[in-house]
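Protein sequence lines, in the order shown, are assigned to chains A and B. So for the first sequence, the numbering used here puts the first residue at 6; every next one is plus one. So for the second sequence, the numbering used here puts the first residue at 6; every next one is plus one. Cβ atoms here follow ideal geometry from the backbone N, Cα and C, with glycine treated the same way.
Protein chains: 2
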Amino acid sequence: MKDLATDYQGLADKVVEVAEDVSTKGRLVEAARELFLLQGFEKTSVKEILNKAGVNSGSLYYFFPKKEDLLVEVLEKYKTLLWPMVIDPVFQRVNDPIDRVFEILNGYRQMLEMTQFTHGCPIGNLALEMSERSDLVRQGIADNFEGWQLAVRQCFEDAGERLPQCVDRDKLATFVLTTMEGGVMLARAYRRIEPFDDGVDMLRLYISQLLAGPENNSGN
Amino acid sequence: MKDLATDYQGLADKVVEVAEDVSTKGRLVEAARELFLLQGFEKTSVKEILNKAGVNSGSLYYFFPKKEDLLVEVLEKYKTLLWPMVIDPVFQRVNDPIDRVFEILNGYRQMLEMTQFTHGCPIGNLALEMSERSDLVRQGIADNFEGWQLAVRQCFEDAGERLPQCVDRDKLATFVLTTMEGGVMLARAYRRIEPFDDGVDMLRLYISQLLAGPENNSGN
DNA sequence: GTCTATAACTTGATAGAC
DNA sequence: GTCTATCAAGTTATAGAC
Numbered sequence: 006m007k008d009l010a011t012d013y014q015g016l017a018d019k020v021v022e023v024a025e026d027v028s029t030k031g032r033l034v035e036a037a038r039e040l041f042l043l044q045g046f047e048k049t050s051v052k053e054i055l056n057k058a059g060v061n062s063g064s065l066y067y068f069f070p071k072k073e074d075l076l077v078e079v080l081e082k083y084k085t086l087l088w089p090m091v092i093d094p095v096f097q098r099v100n101d102p103i104d105r106v107f108e109i110l111n112g113y114r115q116m117l118e119m120t121q122f123t124h125g126c127p128i129g130n131l132a133l134e135m136s137e138r139s140d141l142v143r144q145g146i147a148d149n150f151e152g153w154q155l156a157v158r159q160c161f162e163d164a165g166e167r168l169p170q171c172v173d174r175d176k177l178a179t180f181v182l183t184t185m186e187g188g189v190m191l192a193r194a195y196r197r198i199e200p201f202d203d204g205v206d207m208l209r210l211y212i213s214q215l216l217a218g219p220e221n222n223s224g225n
Numbered sequence: 006m007k008d009l010a011t012d013y014q015g016l017a018d019k020v021v022e023v024a025e026d027v028s029t030k031g032r033l034v035e036a037a038r039e040l041f042l043l044q045g046f047e048k049t050s051v052k053e054i055l056n057k058a059g060v061n062s063g064s065l066y067y068f069f070p071k072k073e074d075l076l077v078e079v080l081e082k083y084k085t086l087l088w089p090m091v092i093d094p095v096f097q098r099v100n101d102p103i104d105r106v107f108e109i110l111n112g113y114r115q116m117l118e119m120t121q122f123t124h125g126c127p128i129g130n131l132a133l134e135m136s137e138r139s140d141l142v143r144q145g146i147a148d149n150f151e152g153w154q155l156a157v158r159q160c161f162e163d164a165g166e167r168l169p170q171c172v173d174r175d176k177l178a179t180f181v182l183t184t185m186e187g188g189v190m191l192a193r194a195y196r197r198i199e200p201f202d203d204g205v206d207m208l209r210l211y212i213s214q215l216l217a218g219p220e221n222n223s224g225n
């Protein structure tokens, strides 16, 4: 189930450390994370982060010489928490590998509805705002996308022979990410869930056709 | 061919007016457009816009009381130029309605490659950066997406009976937009064209299956 | 409509005591 | 590691002459 997270147990300590970090540094990262998510990097001032974290200027710059260094740490946090906070709960609720993909998508759907489209994909937002900034930031974003893509690809690989052999699992997983990010963007712009749902519906239809495909005799 | 742009001839004057506008106002909008595209709204200062346009502060604020008003005008410009600058050239090069859809997608692909991923989708960038800003801005973004969606939907409608009747043209067009925006985002993050191509490939396969299978079932 | 000068404020970042 | 005080530069926006 977790071939791709072989070092998961080793990660566990770090996860607790990251998720429940109430140190000055940890509070700064969490405050920055929330503000960047809601407002973006540029719109968020250092002062806002300081206020939200209850930290003084001197302390911030002791840990993070530049505002951008904070962003790098935020991206690191997203990466660390992906499996324990996003993927594992889905994998526990749902067993069928294909259903798991749609449950991951459903997680983003719920976020859109619950926040009334004020929260988008944290990574996607930063991807478009920051991709021409430092290479370290862009790499952190790419790493996050790769984490998601890996999780989804794992599902398709776990589906085994239910998917025709000719289907490229890697590309299909990328396509799921594409649909997710594009769907979130349109849904937020329209403030309607339909564009997101339309994308997922198309994906569902497409995959169900693959599962029931001609060269596939024992499909679901 | 242009059922959806019935007032096109009437638009023509406005298009020329907008595209070749070298007035102070026009230069301001064009300078702002280029800078917003490359840097985003927040990162771009009014001073930069002024320098690029060769205009003084007083003139800008004579036309646009707020920086955000400039953005609204930029979005208006994108909307006005969509057909003459993007859609019409594609429709002239390519006749087959399905091929037209992929030629539209190919336009974005070329932009990604030519600019080495520094330019993304102008609307997509602003959508994620500004969707929680004023409602006027968000509406301008939604209007632009709608323009693109309409053009793509037109193609699918022009495909007539080649597409099974059960296929929802509207949703399929939205799905194309979703794929385009998601693909652009991932390609920029990775600085590789493959994620974009993967999405388009999947879309192509999906649509070719729709075109081929007359007994294709389960519209949604 | 356009110009110059500048107000009023916020920005990211630093210095140095503790 | 954390505090206060503060800097220099940059920010959006305005005033008033022409």
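Handout entry: chain B contacts from the stretch 110-135 of chain A (Cβ-Cβ distance under 7 angstroms)
Key = T123, G125, G129, N130, A132, L133 and E134
Problem - Cβ pair A:P200, B:L182 closer than 9 angstroms - result: yes
Problem - Proximity to A:K84 [Cα-Cα], best of A:D206, A:A24 and A:A164 - result: Restricting attention to A:D206, A:A24 and A:A164, the CA atom closest to the CA of A:K84 is found in A:A24.
Handout entry: Simplified DSSP assignment, three categories, for A:S64
Key = helix
Exercise for the section: Check whether the Cβ atoms of A:L42 and A:G165 lie closer than 9 angstroms to each other. Expected result: no
Handout entry: A:S136 classed as buried or exposed, judged by whether at least 16 other C-beta atoms fall within 10 angstroms
Key = buried
Handout entry: Continuous alpha helix (DSSP H) assignments of at least 4 residues falling wholly in the stretch 95-155 of chain B
Key = 102-119 and 127-135
Problem - Sub-9 angstroms separation of A:V189 and A:L133 beta-carbons - result: no
Practice task
Using a cut-off of 7 angstroms between C-beta atoms, extract the partners of A:E39 located in chain B.
Solution key: Near A:E39 there are no residues of chain B at all, since even the closest Cβ is about 14 angstroms away, more than 7 angstroms.
Handout entry: Collapsed DSSP secondary structure at A:R5 in the structure displayed
Key = Limits of chain A in this structure are 6 at one end and 225 at the other, which puts residue 5 of chain A out of reach.
Handout entry: chain A within 9 angstroms of B:Q44, Cβ atoms only
Key = For B:Q44, a Cβ of chain A is located within less than 9 angstroms of the residue's own Cβ.
Problem - Cβ-based neighbour list, A:G224, same chain, cut-off 7 angstroms, excluding 5 preceding and 5 following - result: Confidence is the limiting factor: at A:G224 the pLDDT is only 38, short of 50, which leaves the residue's position unreliable, though a coordinate-based value still follows. Only R167, L216 and A217 meet the Cβ criterion.
Exercise for the section: Mind checking which residues open and close the alpha helix (DSSP H) that includes B:K57? Expected result: V51 to A58
Problem - Interface residues of chain A facing B:Q214 [CB-CB closer than 7 angstroms] - result: Q214
Problem - Start-to-end residues for the alpha helix (DSSP H) that takes in A:M185 - result: Boundaries of the alpha helix (DSSP H) around A:M185: R174 to Y195.
Exercise for the section: Step through the CB atoms of chain B and report whether any lies within less than 9 angstroms of the CB of A:M207. Expected result: Yes, because at least one Cβ of chain B sits closer than 9 angstroms to the Cβ of A:M207.
Handout entry: CA nearest to the CA of A:F28, picked from A:L16, A:D18, A:K48 and A:F68
Key = It should be pointed out that residue 28 of chain A corresponds to Ser in this sequence rather than to Phe. Among A:L16, A:D18, A:K48 and A:F68, the Cα nearest to that of A:S28 belongs to A:F68.
Exercise for the section: Please name the residue in B:E81, B:I146, B:L80 and B:A156 whose C-alpha comes closest to that of B:V91. Expected result: B:A156
Practice task
Work out the CA separation of A:P94 and B:L9 for me, nearest whole Å.
Solution key: With a pLDDT of 48 at B:L9, under the threshold of 50, the modelled position of this residue cannot be trusted, and the question is left open.
Practice task
Name, please, each residue of chain B whose Cβ falls closer than 8 angstroms to the Cβ of A:K82.
Solution key: Taking a Cβ-Cβ cut-off of 8 angstroms, A:K82 has no neighbours in chain B, whose nearest Cβ is about 18 angstroms from it.
Practice task
Evaluate contact between the stretch 46-53 of chain A and the stretch 104-115 of chain A, counting only Cβ atoms and requiring at least three cross-stretch pairs below 8 angstroms.
Solution key: no
Practice task
On a CA-only basis, which of A:L208, A:V172 and A:R174 is nearest A:G187? Give me that one, please.
Solution key: A:L208
Practice task
Determine the chain B residues that contact A:D74 at a beta-carbon separation under 7 angstroms, and present them in chain order.
Solution key: When 7 angstroms is used as the limit between beta carbons, A:D74 is near no residue of chain B, the shortest such separation being about 18 angstroms.
Exercise for the section: Keeping to the same chain, check which residues put their C-beta closer than 6 angstroms to that of A:C5; ignore five residues upstream and five downstream. Expected result: The structure shown does not extend to residue 5 of chain A, since chain A is modelled only from 6 through 225, so no value can be given for it.
Practice task
Could you pull out every residue in the same chain whose Cβ sits closer than 7 angstroms to the Cβ of A:F204, ignoring the five residues on either side in sequence?
Solution key: Reading off the sequence shown, one finds Gly at residue 204 of chain A, where the question assumed Phe. Excluding sequence neighbours, A:G204 sits near T184, G187 and G188.
Problem - Residue span of the alpha helix (DSSP H) that contains B:E73, given as start and end - result: K72 to L86
Practice task
Out of A:L33, A:Q214 and A:D175, state which residue places its alpha-carbon closest to the alpha-carbon of A:S62.
Solution key: A:L33
Practice task
Helix, strand or coil for A:V157, going by three-state DSSP, please let me know.
Solution key: helix
Practice task
Please classify A:G45: does DSSP put it in a helix, a strand, or coil?
Solution key: coil
Exercise for the section: Would you mind sorting A:N130 into buried or exposed? The rule is 16 or more other CB atoms within 10 Å of its CB. Expected result: buried
Handout entry: Residues, ordered as in the chain, of the stretch 186-201 of chain A that lie near chain B by beta-carbon distance below 7 angstroms
Key = Result list: E186, G187, G188, M190, L191, R193, A194, Y195 and P200.
Exercise for the section: Taking only the alpha-carbon atoms, compute the straight-line gap between A:R174 and A:I212 and give it to the nearest angstrom. Expected result: 11 angstroms
Problem - A:A192 versus A:Q121: straight-line alpha-carbon distance, rounded - result: 10 angstroms
Practice task
State the Cα-Cα distance for the pair B:D140 and B:K72, rounded to the nearest angstrom.
Solution key: Looking at the two C-alpha atoms, the distance is approximately 15 angstroms.
Problem - Under the three-state DSSP convention, the category B:D93 falls into - result: helix
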